[in-house]
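K.L.:
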Amino acid sequence: MTIRFRATFESDAEALSHMMIASWRNTYATILSSTKLDEICTVWLTPEKFLQRARKTDAVNFVALHEEKIVGHIFAKFSQIGSLHIVYLYVAKGFLRQGIGERLLKYAIDKAEKAKSITLGVFSDNLAAFDFYTAQGFKVVGEDNAKDWQCGDPTGVKMERLL
Ligand SMILES: CC(C)(COP(=O)(O)OP(=O)(O)OC[C@H]1O[C@@H](n2cnc3c(N)ncnc32)[C@H](O)[C@@H]1OP(=O)(O)O)[C@@H](O)C(=O)NCCC(=O)NCCS
């Protein structure tokens with residue numbers, strides 16, 4: 250299977266929204282409440298939000314394509330403390346465990362020349378993602394009480410890899 254990687258274009262916004270909503274619903278069906286999932290999909294995963302992210306210059310933004318269809322995405326922001334923070338790293342169902350997540354992460358790291366570390370937050374119940382990041386050399390550096398999510402229930406951890 251041939252997978253192509255490139256920077257995200259503004260014209261990807263609609264397709265990206267579609268892929269990300271499907272991936273979120275698949276990943277978090279048993280982790281987040283359906284109300285919270287609906288809210289995230291309608292507030293944060295809209296084509297408008299992906300368009301805004303595609304225009305950001307202080308961020309890393311890539312897609313993985315299979316036959317011109319988006320099957321993976323990474324979006325990470327540079328923080329003021331000199332780290333690159335992964336906001337989204339998602340691979341579509343049907344394309345998991347084929348090295349796409351690892352390659353997207355590598356593209357992000359290659360762009361993070363000046364960053365001292367790469368960081369993220371992951372829900373403790375998201376075992377696949379936790380195992381993935383552990384396999385990529387990330388270590389748990391603290392708790393993430395998911396206050397940004399304002400959904401109370403799921404707890405998470407902050408992970409970091411020094412670059
Ligand atoms: C996390 C995610 C991006 C990983 O992407 P992926 O393309 O499936 O992962 P890769 O094929 O690059 O995996 C690389 C290595 O990570 C580890 N790994 C990946 N998925 C794993 C899983 N489900 N269970 C255990 N280890 C896993 C393995 O060591 C794997 O190497 P191997 O397949 O040779 O054993 C993907 O599972 C995903 O999109 N999950 C849903 C969204 C999500 O949770 N994103 C993270 C939010 S913080």
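Read the sequence shown against the numbering used here and you will find it ends at 412, with the numbers running on by one and no gaps. Just so it is clear, CB atoms sit at the ideal spot from N, CA and C, and this is done for glycine as well.
Tell me whether D374, by its Cβ, gets closer than 7 Å to a heavy atom of ligand 1.
P.N.:
No, since every heavy atom of ligand 1 falls outside the 7 Å radius drawn around the Cβ of D374.
K.L.:
Opposite G321 in the DSSP bridges: which residues?
P.N.:
According to DSSP, which records beta bridges pairwise, G321 is partnered with A313 and V340.
K.L.:
Per DSSP, V371 forms a beta bridge with which residues?
P.N.:
Per DSSP, V406.
K.L.:
Just verifying my parser: in three-state terms, what is the DSSP assignment at F190?
P.N.:
Any property of residue 190 remains undetermined from this structure, which presents the chain solely from 250 to 412.
K.L.:
Cα separation between E351 and L333?
P.N.:
E351 and L333: Cα-Cα distance of roughly 16 Å.
K.L.:
On the DSSP letters alone, give me the boundaries of the beta strand (DSSP E) that A256 sits inside.
P.N.:
Where A256 is concerned, the enclosing beta strand (DSSP E) stretches over R253 to A256.
K.L.:
Per DSSP, what kind of secondary structure is L333 in: helix, strand or coil?
P.N.:
Note: L333 maps to strand in three-state DSSP.
K.L.:
Of the choices T404, G386 and D393, whose alpha-carbon is the least far from that of R410?
P.N.:
Selected option, being the one with the closest Cα: G386.
K.L.:
Specify, as a first and last residue, the run of the alpha helix (DSSP H) that K298 falls within.
P.N.:
P296 to A303 is the extent of the alpha helix (DSSP H) around K298.
K.L.:
Please name the residue or residues paired with E392 in a DSSP beta bridge.
P.N.:
According to DSSP, E392 bridges with V406.
K.L.:
Please determine, among L300, R274 and M250, the residue with the shortest C-alpha to C-alpha distance to A256.
P.N.:
Per the Cα distances, L300.
K.L.:
Compute every distance between the C-beta of F381 and the non-hydrogen atoms of ligand 1, then say whether any falls below 7 Å.
P.N.:
Checking the Cβ of F381 against ligand 1 gives yes.
K.L.:
If I follow the unbroken alpha helix (DSSP H) through E351, where does it start and stop?
P.N.:
Counting along the chain, the alpha helix (DSSP H) containing E351 begins and ends at I349 to K360.
K.L.:
When you compare each of V371, A377 and D307 to K363 by their alpha carbons, which one comes out closest?
P.N.:
Minimum Cα distance to K363 is reached at D307.
K.L.:
So L265 and F311 are in contact, right, with Cβ under 8 Å, and what is the actual spacing, rounded?
P.N.:
11 Å between Cβ atoms; not a contact.
K.L.:
What's the call for R253, buried or exposed, on a 16-neighbour Cβ count within 10 Å?
P.N.:
Flag for R253 reads exposed.
K.L.:
Within 7 Å: the Cβ of G350 and any heavy atom of ligand 1?
P.N.:
For ligand 1, at least one heavy atom lies less than 7 Å from the Cβ of G350.
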